[in-house]
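Trainee: Here you go, one structure.
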Amino acid sequence: MMSDEVALYCELAEIVSELGDESGLRSFLLPYPPAAQRVLDRVVLRCIDLGLPPPKSLPELLEWCRSTPIGGRLFEIPPTLVLPDAPLIHRNGLLPTRACLELASAGVKGGPEETARSLLTELEGRCGSAERFHKVRQFLGRNPVVHRRDRLRRGWSKEIWCRVKDLYRPVPESLTVEGTLLCCGTCRLPALLGGRRVPDQRAASGPDTWCEGESCPRGISMELTRTTEGVLLLNKPLRAFLSLPFRLEEVVLADLDRAGVGYQALPGELSAYRIQGAGLSVCRLHIHDRVQPALLAARFSGFTEPVVVVAPEELAGAARYRAAFTRALAAPGQVLLVGSGDLITRLRGERAFDEQS
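Per the working numbering: the sequence shown = residues 2 to 358.
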């Protein structure tokens, strides 16, 4: 059960996520959206109770979310729940961080992750067959950004586009600079240069750039679109919880195919499969790219069968991440965290769940 402080922080994260998705986080005029006003009022009351200077406006609260890490005194978020060094708003991008989206998804309403899951469930129902849904889901994972020219290329499926086009929207101003759009060369998601500088063809990822993936390698060339006319972006929850981990999912499934391991997609989940094959030590396989390990671990608290969770190598191999994940598990012997490179070995290991090493 969440404390009142943690619940309020998750609600604040949800408000930041919604505001950033709609109009960016640079300016707001009175009256504020009712839900944002309620959260602001509650934050002010908590500040008064603690003897801290309260924010005087929503923009001031949002600036606090940009400059103050999650582990600050105001909300007393325990480090066992969230790694304490991430803000809710990215310092360079001035948009909700991945930590913010994951916290918002831990709230009562389920936030953007639940939105992504609901959209996919509805889409699956409209597809009518598992094969058709697989194709449209693959399209969404591979195409977070769609250009008008894409629709003229060879192999473009009008049937698939008709099924998914309602999940795409015009590019919001918060993701453009003077009408230009950057996309990261690694995660393929929207990106911005520090200080919201106007990009050019030489733009590359670096220490002062932002992309929705947040942790992509430096020095990678970005894709520049000089006009956003005819450019559409996939719904943001789907970009964060389907497109972002999709490259990892494709690697994992390719490894399973090469190893002759059968799998079947689990309905109602974002990236989950049931493993099929004799001698395997796991029944469920979940593929995630999440920056908050304890929140990820909490998703598996009610499971009654063994689960393997595959995460990017840089996360699964990090001692801090693994320790936080394992510490948050209700049944540590039931859930195994691995990187994609160790997956097949651990699946076939006789004591795969004996240790989280």
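No residue lacks a Cβ here, since even glycine has one placed at the ideal position from N, Cα and C.
Predicted model, so just to flag it, every value in this text is computed and none were measured.
Using beta-carbon positions only, say whether Gly195 and Asp209 come within less than 8 angstroms of one another.
Mentor: Within the sequence shown, numbered from 1, the residue matching residue 195 stands at position 194. Within the sequence shown, numbered from 1, the residue matching residue 209 stands at position 208. Yes. Within cutoff.
Trainee: Under a Cβ-count criterion, where at least 16 other Cβ atoms within 10 Å of its own Cβ denotes burial, should Pro294 be classed as buried or exposed?
Mentor: Taking the sequence shown and counting its residues from 1, the one referred to as residue 294 is at position 293. Its Cβ being crowded by 16 or more others within 10 Å, Pro294 is buried.
Trainee: Which ranges would you report for the beta strand (DSSP E) in the region 225-310 if only whole runs of at least 3 residues count?
Mentor: The qualifying runs are 233-235, 263-266, 273-277 and 285-288.
Trainee: Could you give the residue range of the beta strand (DSSP E) that holds Val178?
Mentor: For the purposes of this step, residue 178 is taken as the residue at position 177 of the sequence shown. That residue, Val178, is in no beta strand (DSSP E); it is neither H nor E in DSSP.
Trainee: Just curious, the beta strand (DSSP E) that Leu337 is in, first and last residue?
Mentor: The count along the sequence shown starts at 1 and reaches residue 337 at position 336. Counting along the chain, the beta strand (DSSP E) containing Leu337 begins and ends at Val336 to Gly340.
Trainee: With a cut-off of 8 angstroms, do at least 3 Cβ pairs link the region 161-169 to the region 229-237?
Mentor: Segments in contact, yes.
Trainee: Does the separation of the CB atoms of Phe125 and Pro268 fall below 8 angstroms?
Mentor: Within the sequence shown, numbered from 1, the residue matching residue 125 stands at position 124. Within the sequence shown, numbered from 1, the residue matching residue 268 stands at position 267. The sequence given here places Glu at residue 125; Phe does not occur at that position. Contact flag set, yes.
Trainee: If you measure between the beta carbons of Pro56 and Ile71, is that distance less than 8 angstroms?
Mentor: Taking the first residue of the sequence shown as position 1, residue 56 is located at position 55. Taking the first residue of the sequence shown as position 1, residue 71 is located at position 70. Contact flag unset, no.
Trainee: Give me, in chain order, the residues of the same chain whose beta-carbon lies closer than 8 angstroms to that of Leu9; leave out the 5 immediate sequence neighbours on both sides.
Mentor: Along the sequence shown, read from residue 1 onward, the residue named residue 9 stands at position 8. So the qualifying residues of the chain are Val40, Arg43, Val44, Arg47 and Phe76.
Trainee: Please confirm whether Ile288 and Val311 have their CB atoms less than 8 angstroms apart.
Mentor: The sequence position of residue 288 within the sequence shown is 287, counting from 1. The sequence position of residue 311 within the sequence shown is 310, counting from 1. Their beta carbons are under 8 angstroms apart, which means Ile288 touches Val311 by this criterion.
Trainee: Which of helix, strand or coil does DSSP assign to Ser18?
Mentor: Translated into positions along the sequence shown, residue 18 becomes position 17. In this structure, Ser18 counts as helix in the three-state DSSP scheme.
Trainee: With a threshold of 16 other CB atoms inside 10 Å of the CB of Pro313, please say whether the residue is buried or exposed.
Mentor: As a working mapping, residue 313 is identified with position 312 in the sequence shown. It is buried - the Cβ of Pro313 has at least 16 other Cβ atoms within 10 Å.
Trainee: Closest to Gly371 by CA distance: which of Val283, Val336 and Leu316 is it?
Mentor: In this structure the chain extends from 2 to 358, so residue 371 is not present and cannot be described.
Trainee: What residues are listed by DSSP as bridge partners for Val146?
Mentor: Locating residue 146 in the sequence shown gives position 145, counting from the first residue. In the DSSP output, where bridge partners are listed per residue, Val146 has Leu234.
Trainee: Could you spell out where the beta strand (DSSP E) holding Ala87 opens and where it closes?
Mentor: Counted from its first residue, the sequence shown places residue 87 at position 86. Here Ala87 belongs to no beta strand (DSSP E), and DSSP marks it neither H nor E.
Trainee: Who does Tyr169 pair with in a DSSP beta bridge?
Mentor: Walking along the sequence shown from the start, residue 169 turns up at place 168. Leu235.
Trainee: Measuring alpha carbon to alpha carbon, tell me which residue in Ala107, Thr177 and Asp343 is nearest Val83.
Mentor: Here the question's residue 83 lines up with position 82 in the sequence shown. The option with the nearest alpha carbon to Val83 is Ala107.
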